[in-house]
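Engineer:
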Amino acid sequence: MTLPAIVLVVTFFLVPLVLTFWISLNDWPLLGQPQFIGISNYVQALSDSNFGDAMGFTLLYTVIITPVLFLLGLGLAFLVRRRGRASRVFQSIYFMPVCIGFASGAFLWLYLGQPQIGPLLSLLQSAGLTNANTNLYTTMWGAMTVVIAMVTWKVVGLQMLLLLSGLQSIPEEVNEAARIDGANAWQLFRRITLPLLRPTLALVLVFSVAGSLLAFDQFYIMTNGGPANSTITAVYQIYRTSFISFRLGYGAALSVLLMIILAIVSAVQLLLLRNTDNN
Amino acid sequence: MTTSAMPSRSAASNTATRSRRSPLRAVPALAWWIVSILLAIGFIYPVAVMVSMALKGPIEQSAIPPTLLPRNPTLGNFTHLTSVQGLNVFQNLANSVEVTLATTIGTVIVSTLAGYALARAPFPGRNLVFVAILATFMIPFQAVITPLFMVLRTLGLNNSLVGLTLVYITFNLPFGLFIMRNAFAAIPASLEEAALIDGCGIVGALRRVMLPVAVPAVVTTALLTFFASWNEFFAALVLITDQSKFTLPVTLTLVSSGQLGSINWGALQAGVALTVVPCILVYLLLQRYYVSGLLSGALK
Numbered sequence: 010m011t012l013p014a015i016v017l018v019v020t021f022f023l024v025p026l027v028l029t030f031w032i033s034l035n036d037w038p039l040l041g042q043p044q045f046i047g048i049s050n051y052v053q054a055l056s057d058s059n060f061g062d063a064m065g066f067t068l069l070y071t072v073i074i075t076p077v078l079f080l081l082g083l084g085l086a087f088l089v090r091r092r093g094r095a096s097r098v099f100q101s102i103y104f105m106p107v108c109i110g111f112a113s114g115a116f117l118w119l120y121l122g123q124p125q126i127g128p129l130l131s132l133l134q135s136a137g138l139t140n141a142n143t144n145l146y147t148t149m150w151g152a153m154t155v156v157i158a159m160v161t162w163k164v165v166g167l168q169m170l171l172l173l174s175g176l177q178s179i180p181e182e183v184n185e186a187a188r189i190d191g192a193n194a195w196q197l198f199r200r201i202t203l204p205l206l207r208p209t210l211a212l213v214l215v216f217s218v219a220g221s222l223l224a225f226d227q228f229y230i231m232t233n234g235g236p237a238n239s240t241i242t243a244v245y246q247i248y249r250t251s252f253i254s255f256r257l258g259y260g261a262a263l264s265v266l267l268m269i270i271l272a273i274v275s276a277v278q279l280l281l282l283r284n285t286d287n288n
Numbered sequence: 134m135t136t137s138a139m140p141s142r143s144a145a146s147n148t149a150t151r152s153r154r155s156p157l158r159a160v161p162a163l164a165w166w167i168v169s170i171l172l173a174i175g176f177i178y179p180v181a182v183m184v185s186m187a188l189k190g191p192i193e194q195s196a197i198p199p200t201l202l203p204r205n206p207t208l209g210n211f212t213h214l215t216s217v218q219g220l221n222v223f224q225n226l227a228n229s230v231e232v233t234l235a236t237t238i239g240t241v242i243v244s245t246l247a248g249y250a251l252a253r254a255p256f257p258g259r260n261l262v263f264v265a266i267l268a269t270f271m272i273p274f275q276a277v278i279t280p281l282f283m284v285l286r287t288l289g290l291n292n293s294l295v296g297l298t299l300v301y302i303t304f305n306l307p308f309g310l311f312i313m314r315n316a317f318a319a320i321p322a323s324l325e326e327a328a329l330i331d332g333c334g335i336v337g338a339l340r341r342v343m344l345p346v347a348v349p350a351v352v353t354t355a356l357l358t359f360f361a362s363w364n365e366f367f368a369a370l371v372l373i374t375d376q377s378k379f380t381l382p383v384t385l386t387l388v389s390s391g392q393l394g395s396i397n398w399g400a401l402q403a404g405v406a407l408t409v410v411p412c413i414l415v416y417l418l419l420q421r422y423y424v425s426g427l428l429s430g431a432l433k
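Going line by line, the protein sequences match chains A and B. So the first sequence is residues 10 to 288, counted in the numbering used here. So the second sequence is residues 134 to 433, counted in the numbering used here.
1. For V379(B), return the contacting residues in chain A, with the cut-off set at a CB-CB distance below 7 Å.
2. What are the start and end residues of the alpha helix (DSSP H) that includes W488(B)?
3. Taking 6 Å as the limit between beta carbons, can you name the residues of its chain near A145(B), skipping five residues before and five after?
4. I need the DSSP call for V89(A), collapsed to helix, strand or coil.
5. Please tell me whether L119(A) and P273(B) are closer than 7 Å, where the distance is taken between their beta carbons.
6. Output needed for N50(A): all residues of its chain with C-beta closer than 6 Å, excluding positions within five of it in sequence on either side, in chain order.
7. Residues of chain B with CB closer than 7 Å to the CB of Q125(A), please, in chain order.
8. From Q53(A) to I46(A), what distance separates their C-alpha atoms?
9. Which residues in chain B sit within 7 Å of P128(A), going by Cβ to Cβ distance?
10. For G426(B), collect the residues of the same chain with a Cβ closer than 7 Å to its Cβ; drop the 5 residues on either side in sequence, then sort them by chain order.
11. Does M343(B) pass the burial test, meaning 16 or more other C-beta atoms within 10 Å, or should it be called exposed?
12. Specify whether the region 224-244 of chain B and the region 316-331 of chain B touch according to this definition: at least 3 beta carbon pairs, one from each stretch, less than 8 Å apart.
13. Look at the alpha carbon of Y301(B) and the alpha carbon of I177(B), and state the distance between them as a whole number of angstroms.
14. By the DSSP assignment, the alpha helix (DSSP H) with D226(A) in it spans what residues?
15. If you check the beta carbons only, do S377(B) and T236(B) fall under 7 Å apart?
16. Using 10 angstroms around the beta-carbon of R314(B), count the other beta-carbons present and answer buried if the total reaches 16, otherwise exposed.
17. By DSSP, does A379(B) sit in helix, in strand, or in coil?
18. Kindly identify the DSSP beta-bridge partner or partners of R256(A).
19. At the level of alpha carbons, what is the spacing between A152(A) and A112(A)?
20. Just reading off the alpha helix (DSSP H) that T245(B) is part of, what are its end residues?
21. Along the chain, which unbroken stretches of the alpha helix (DSSP H) at least 4 residues long are found entirely within the region 149-212 of chain A?
22. Near G114(A), what residues of its chain come up, given a Cβ to Cβ distance below 6 Å and the 5 sequence neighbours on each side ignored?
23. Touching or not, the region 163-172 of chain A and the region 184-196 of chain A, by the rule of three or more beta carbon pairs under 8 Å?
24. Against N364(B), what residues of chain A qualify as contacts under a CB-to-CB distance less than 8 Å, listed in chain order?
25. Along chain A, which residues have their Cβ under 7 Å away from the Cβ of C412(B)?
26. Since F223(B) and L234(B) should fall inside the 8 Å C-beta cutoff, what is the C-beta to C-beta distance between them, to a whole number of angstroms?
27. Run through chain A and tell me which residues come within less than 7 Å of Y416(B), C-beta to C-beta.
28. Assign L280(A) to one of two classes, buried (16 or more other C-beta atoms within 10 Å of its C-beta) or exposed (fewer than that).
29. Can a CB atom of chain A be found closer than 7 Å to the CB of T233(B)?
30. With a threshold of 6 Å on Cβ separation, who are the neighbours of F304(B) within its own chain once the five nearest residues in sequence on each side are excluded?
31. Would you report the Cα separation of L205(A) and G137(A), rounded to the nearest angstrom?
32. Under the three-state reduction of DSSP, which class applies to F216(A): helix, strand or coil?
33. Nearest-angstrom Cα distance between L188(B) and V383(B)?
34. Quick one: list the residues of chain A neighbouring Y422(B), beta-carbon separation under 9 Å, in chain order.
35. Looking at chain A, which residues of the region 276-287 of chain B have a Cβ within less than 9 Å of any of its Cβ atoms?
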């Protein structure tokens with residue numbers, strides 16, 4: 010009964026996974042004969058400024074968006090923690106954009122953030138924050154701000170929900186005991202809530218960081234990598250290498266490097282969060 | 134709600150202890166309502182703007198500043214979608230429906246069968262199979278997209294909706310399998326033994342005894358797969374090159390590239406509406422299963 014599952018996983022996952030390593034050791038054009046070149050692709054990647062820039066931008070984006078999502082998600086979790094029907098209604102409203110795809114969300118916010126005709130810019134302008142000529146898509150920071158706003162709107166509900174269920178798993182007696190010992194709200198949060206929330210925090214952070222390191226849809230759609238290629242992410246660069254320039258071998262090598270970076274970042278996070286737990 | 138304003142220890146109703154325990158206990162109930170409602174407006178606003186824009190006529194679309202509600206609502210943008218760069222977007226909508234339905238049904242069947250076997254039938258190498266399938270979780274499919282493209286080409290499934298569906302089933306499988314296996318493992322073995330003794334056979338036991346009990350897990354698996362495959366963009370962009378075979382999210386790139394470099398924003402938002410509205414409807418109808426499934430999948 011596991012046969013269909015095994016066939017699918019072997020054909021469309023394990024074989025491609027093994028092939029990724031093999032292709033990455035070749036000069037592999039779309040048409041024509043592949044040629045074994047050893048680790049040349051990797052050597053080239055290490056001094057490839059395009060990939061370096063893309064990786065740098067991806068890390069910058071991750072470093073900025075992770076705390077934004079986490080803090081807002083935690084804030085929302087505390088807000089909807091109240092019992093009662095109203096709180097549940099707000100929960101499902103905040104969570105609603107999670108079911109919308111990154112691509113459709115990106116096309117929606119592409120319009121929202123347009124200069125002049127975009128409602129978001131019109132709102133910002135009436136708040137006196139921008140003027141009639143402001144075009145967020147002309148600078149790297151402006152473009153990234155619109156993308157971050159879209160992603161926050163789209164995924165913060167999921168973080169809220171995960172953190173909320175973490176909060177609710179803290180036994181009531183623990184909080185009660187701390188309060189009887191005279192802990193104030195901040196001490197309660199710092200000494201009880203935060204440490205007991207650590208497993209959930211680890212999960213939320215690892216998910217969110219991995220998702221950001223693999224970002225593609227939103228930048229492909231909203232910024233097209235611009236202005237001046239300043240918002241090209243790692244996956245975007247792999248896409249351009251493999252499917253625009255058709256350098257499949259080099260694209261595979263970049264994929265392997267991205268997998269390694271992803272594995273290291275995830276492992277470091279898990280180690281850090283586990284270590285502080287022991288103290 | 135008002136009890137939180139009175140810090141009386143004896144009146145410790147559920148609501149009172151909850152809000153007293155929260156770091157926001159000093160915030161009066163009114164502020165809670167105001168903040169919650171403002172946030173709710175903020176979350177709904179983009180969707181409202183999208184629907185409004187999709188219903189605006191050509192002149193109102195480029196109004197500066199943009200109008201909040203369409204003055205003369207029209208379906209013109211949806212009509213326009215029938216001919217975008219020689220393409221009928223509704224045909225692409227049909228592609229999306231086809232791929233999503235096939236992926237959802239396929240994932241449910243494959244993960245139910247495998248989940249049952251992994252939870253119940255002891256066979257050699259069981260753990261190895263489970264670990265291999267779960268590894269699909271750990272390694273993002275973006276990383277194997279280049280050889281995936283080549284494997285599909287070798288199988289003659291490149292540029293085909295069947296190929297795309299098989300890829301989607303594979304990458305939705307770990308989550309589905311995980312949910313189904315946990316559901317089956319939670320059902321007492323005695324129930325199934327009784328069915329086997331009554332002469333059901335393994336397949337009969339699965340169909341008559343286990344499946345009805347596991348229906349919530351099936352709904353969760355189906356929902357997660359529905360959202361994932363309906364919204365998927367990257368694999369569809371890479372693996373499908375024939376425009377008439379594009380799924381809806383990828384087709385939107387054609388709507389947004391427009392003629393002569395100018396974008397028809399109304400038509401684009403009409404296309405976004407076609408993509409988003411089914412998701413929101415399904416979410417509103419079945420959110421209980423969706424949310425509980427996400428939580429059990431993520432936290433267990």
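C-beta: ideal position from N, C-alpha, C; glycine also.
Structural biologist: Straight from the coordinates:
1. Taking the second sequence and counting its residues from 1, one reaches residue 379(B) at position 246. The sequence as given places Phe at residue 379(B); Val does not occur at that position. Result: empty, since nearest Cβ-Cβ is about 12 Å, beyond 7 Å.
2. Only positions 134 to 433 of chain B appear in the structure, and residue 488(B) is not among them; the question remains open.
3. Position 12 of the second sequence, counted from the first residue, corresponds to residue 145(B). Only weak support is given to the placement of A145(B): the predicted model assigns it a pLDDT of 38, under 50, and the question is left unresolved by the model.
4. Here residue 89(A) corresponds to residue number 80 of the first sequence, with the count starting at 1. In the structure shown, V89(A) sits in coil (DSSP, three-state: anything other than H, G, I, E or B).
5. To locate residue 119(A), count along the first sequence from 1; it is residue 110. To locate residue 273(B), count along the second sequence from 1; it is residue 140. No.
6. Taking the first sequence and counting its residues from 1, the one referred to as residue 50(A) is at position 41. Within the same chain, N50(A) has close Cβ partners S33, G258, Y259, A262.
7. Residue 125(A) sits at position 116 when you count from the first residue of the first sequence. What Q125(A) touches in chain B: I197.
8. Here the question's residue 53(A) lines up with position 44 in the first sequence. Here the question's residue 46(A) lines up with position 37 in the first sequence. Cα-Cα distance, rounded: 12 Å.
9. Walking along the first sequence from the start, residue 128(A) turns up at place 119. Chain B residues near P128(A): V182, P199.
10. As a first step, residue 426(B) must be located in the second sequence, where it is residue number 293. Excluding sequence neighbours, G426(B) sits near I312, T353, L356, L357.
11. By one-based count along the second sequence, residue 343(B) stands at place 210. So M343(B) ends up on the buried side.
12. Cβ pair count under 8 Å is below three, so no.
13. Position 168 of the second sequence, counted from the first residue, corresponds to residue 301(B). Position 44 of the second sequence, counted from the first residue, corresponds to residue 177(B). Roughly 30 Å between the two C-alpha positions.
14. The residue you call residue 226(A) lines up with position 217 of the first sequence. That run of the alpha helix (DSSP H) goes 226-231.
15. Along the second sequence, read from residue 1 onward, the residue named residue 377(B) stands at position 244. Along the second sequence, read from residue 1 onward, the residue named residue 236(B) stands at position 103. Not in contact: S377(B) and T236(B) (Cβ atoms no closer than 7 Å).
16. As a working note, residue 314(B) is residue 181 in the second sequence. With 16 or more Cβ atoms within 10 Å of its Cβ, R314(B) is classed as buried.
17. Position 246 of the second sequence holds residue 379(B). The amino acid at residue 379(B) is misidentified as Ala; the sequence shows Phe. Three-state result, F379(B): coil.
18. To locate residue 256(A), count along the first sequence from 1; it is residue 247. According to DSSP, R256(A) bridges with P38(A).
19. The sequence position of residue 152(A) within the first sequence is 143, counting from 1. The sequence position of residue 112(A) within the first sequence is 103, counting from 1. C-alpha separation (whole angstroms): 16 Å.
20. Against the second sequence, residue 245(B) aligns to sequence position 112. Counting along the chain, the alpha helix (DSSP H) containing T245(B) begins and ends at 222-252.
21. 149-177, 181-189
22. Against the first sequence, residue 114(A) aligns to sequence position 105. If we look at G114(A) and ignore the five residues flanking it on each side, its Cβ neighbours are M159, K163.
23. no
24. To locate residue 364(B), count along the second sequence from 1; it is residue 231. Going along chain A in sequence order, the residues near N364(B) (Cβ under 8 Å) are I109, G110, F111, A112, S113.
25. Position 279 of the second sequence, counted from the start, is the residue given in the question as residue 412(B). Neighbours of C412(B) on chain A, chain order: C108, I109.
26. Your numbering for residue 223(B) matches position 90 in the second sequence. Your numbering for residue 234(B) matches position 101 in the second sequence. The pair is not a contact, with the Cβ atoms about 16 Å apart (cut-off 8 Å).
27. Here residue 416(B) is taken as the residue at index 283 of the second sequence, counted from 1. Going along chain A in sequence order, the residues near Y416(B) (Cβ under 7 Å) are M105, C108.
28. As a working mapping, residue 280(A) is identified with position 271 in the first sequence. So L280(A) ends up on the exposed side.
29. Here residue 233(B) refers to the residue found at position 100 of the second sequence. Chain A, which has no Cβ nearer than 7 Å to the Cβ of T233(B), makes this no.
30. Sequence index remark: in the second sequence, residue 304(B) carries index 171 (1-based). So the list reads F274, once near-sequence residues are dropped.
31. Taking the first sequence and counting its residues from 1, one reaches residue 205(A) at position 196. Taking the first sequence and counting its residues from 1, one reaches residue 137(A) at position 128. The alpha-carbon atoms of L205(A) and G137(A) are separated by roughly 43 Å.
32. Along the first sequence, one-based indexing puts residue 216(A) at 207. Correct three-state label for F216(A): helix.
33. Numbered from 1 along the second sequence, position 55 holds the residue referred to as residue 188(B). Numbered from 1 along the second sequence, position 250 holds the residue referred to as residue 383(B). Going by the C-alpha atoms only, they are around 22 Å apart.
34. The residue labelled residue 422(B) in the question sits at position 289 within the second sequence. Here the premise fails: no neighbours, minimum Cβ distance about 12 Å.
35. A276, V277, I278, T279, P280, L281, F282, M283, V284, L285
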